[in-house]
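Asker: Once you've had a glance at the structure underneath, I'll fire off some questions.
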Amino acid sequence: MKQVKYIPSGGLAFFEEKEMKKLAEYAKEGWILEKIAGLGYKLRKGERKDIEYSLDYQKEVDDEYFALFEAAGWSHVCSVGNEIHIFSASTGTKPIYTDRPTTIEKYEREKKQMGKSALPFFISTVVFWLLGIFSNPGWASESITNLFQVLGLISLAILIFPGLPYLSYQFKLLKLRKE
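Written as structure tokens, this is what we have:
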């Protein structure tokens with residue numbers, strides 16, 4: 050029998066709650082989250098567990114950070130880089146984020162980070178497309194115009210990775226502030 054299973058992620062920025070519930074359902078079947086692997090999760094076969102998962106975004110954490118969660122009943126499962134951290138706890142444990150202000154703060158931090166990553170690609174996409182549109186055949190050859198358009202498309206493709214999460218966090222923040 051297989052001991053490792055890989056499942057795709059729908060995107061933590063878009064479906065955080067849904068993803069954590071999905072992982073909890075797998076844990077009930079004995080598939081326990083081991084790590085985030087590429088665009089999905091690596092699960093390892095183990096004993097069935099009735100647990101919840103929760104996500105936190107925090108940069109440059111130390112042992113005190115993990116001890117704080119441990120004291121609240123949450124065990125560190127895995128991290129992506131030194132910024133995205135997944136914890137697990139028995140079902141019914143008090144959630145990591147219980148009030149709106151701390152949840153807003155969490156999404157503000159992540160939105161700011163994604164915005165910093167997206168801005169250079171947004172600017173380069175706009176600049177390359179404008180150069181491609183306004184390049185005059187009199188001063189630029191057709192190959193230069195095509196180059197600007199291709200570079201604009203490449204910038205746009207890269208922009209998707211930080212840009213869409215940025216928009217997702219912005220939407221979550223608007224929704225939280227309306228409540």
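No gaps in the numbering here: position 114 of the sequence shown is 163 in the working numbering, and each next residue is one more. Built from N, CA and C at the ideal position, the CB exists for glycine as well. If you're wondering where the values come from, they're calculated on a predicted model, not measured in any experiment.
Can you tell me whether Ile145 is helix, strand or coil according to DSSP?
Answerer: Residue mapping note: residue 145 aligns to position 96 of the sequence shown, counting from 1. It is coil, neither helix nor strand.
Asker: So, does the segment 101-117 touch the segment 169-187, judging by three or more C-beta pairs under 8 Å?
Answerer: Touching, no, given that fewer than three Cβ pairs across the two stretches are closer than 8 Å.
Asker: Quick one: residues in its chain with C-beta nearer than 8 Å to the C-beta of Gln52, no 5 flanking neighbours on either side, listed in chain order?
Answerer: In the sequence shown, the residue the question calls residue 52 occupies position 3. The answer, listed in chain order, is Arg93, Lys94.
Asker: What's the gap between the Cα of Ile100 and the Cα of Glu191?
Answerer: If you number the sequence shown from 1, residue 100 lands on position 51. If you number the sequence shown from 1, residue 191 lands on position 142. In a straight line, the C-alpha of Ile100 is about 60 Å away from that of Glu191.
Asker: With which residues is Leu222 paired in a DSSP beta bridge?
Answerer: Locating residue 222 in the sequence shown gives position 173, counting from the first residue. DSSP lists no partner for Leu222.
Asker: Closest by CA to Phe63, which one among Gln219, Arg226, Lys227, Glu228?
Answerer: Counted from its first residue, the sequence shown places residue 63 at position 14. Ranking Gln219, Arg226, Lys227, Glu228 by Cα distance to Phe63 puts Gln219 first.
Asker: Can you tell me where the beta strand (DSSP E) with Ala138 in it begins and where it stops?
Answerer: To locate residue 138, count along the sequence shown from 1; it is residue 89. Counting along the chain, the beta strand (DSSP E) containing Ala138 begins and ends at 133-139.
Asker: What does the alpha-carbon distance come out to for the pair Ser166 and Lys160?
Answerer: For this step, residue 166 is matched to residue 117 along the sequence shown. For this step, residue 160 is matched to residue 111 along the sequence shown. C-alpha separation (whole angstroms): 10 Å.
Asker: Measuring alpha carbon to alpha carbon, tell me which of Gly212, Gly59, Lys67, Ser137 ends up nearest Ile81.
Answerer: Mapped onto the sequence shown, residue 81 falls at position 32. Considering only alpha carbons, the answer is Ser137.
Asker: Have a look at the DSSP bridge pairing and note the partners of Ile182.
Answerer: Sequence index remark: in the sequence shown, residue 182 carries index 133 (1-based). None; Ile182 has no bridge partner.
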